[in-house]
């Protein structure tokens, strides 16, 4: 329920793009955290949880290609951890038509979320960063496609 509530909040057209991204991420975080609990996966790092979740629902969601070019060409990087150049990772997946395009897209959104949450980005006051718009739309599309398969999974795995 909580993830759905945050998902609907993120869809509010009156919100600024950074707010949509934050609310969307809270919704997504609720989904992959619950999945980790239900599935008894012992992944400790957030990037690993995201990868496990996306892998589990890849068949139901498919590959998201909207906005991937913008994410791949935006130069998004994580400040720490392995494979920090997440935009380059997405470019490679697109160029090689790999099955992990959606996962790599979500990693780009994760990196922008990290930047926003941990202070590398300032909240939007007047001029929205187009990257926030791209990330919030990508995440919203993913959430829209994964929500029902996830609810079904939860109902089948009480």
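Residue numbers (our numbering): 899 to 1056.
Note that the Cβ used here is the ideal one computed from N, Cα and C, for glycine as well.
For residue 966, same chain residues with a beta-carbon under 7 Å away, outside a window of 5 residues either side, are 988, 992, 999, 1003 in chain order. One thing to note: residue 1041 has its Cβ within 8 Å of the Cβ of residue 925. Here residue 1012 really is in contact with residue 976; their C-beta atoms are around 6 Å apart, less than 8 Å. For the 8 Å CB-CB criterion, residue 952 and residue 1001 form a contact.
Contact between residue 1009 and residue 1049 does not hold, since their C-beta atoms are separated by about 28 Å, which reaches or exceeds 8 Å. Put simply, the backbone Cα of residue 969 is about 10 Å away from that of residue 963. Contact between residue 917 and residue 1031 does not hold, since the beta-carbon distance rounds to 12 Å and is not under 8 Å. If you ignore the 5 residues before and after residue 1033, its C-beta comes within less than 6 Å of the C-beta of 919, 1007, 1010, all in its own chain and listed in chain order.
Per DSSP, the continuous alpha helix (DSSP H) segment holding residue 985 begins and ends at 984-993. Note that the C-beta distance between residue 923 and residue 996 is not below 8 Å. Under the three-state reduction of DSSP output, residue 946 falls in the helix class. Between residue 933 and residue 954, the gap from beta carbon to beta carbon is short of 8 Å. Under the three-state reduction of DSSP output, residue 916 falls in the helix class. Ranked by Cα distance from residue 984, the first of 945, 961, 900 is 945. For residue 1044, the enclosing alpha helix (DSSP H) starts and ends at 1028-1054. The residues 921, in chain order, have a CB closer than 7 Å to that of residue 907 in the same chain once the five nearest residues on each side in sequence are set aside.
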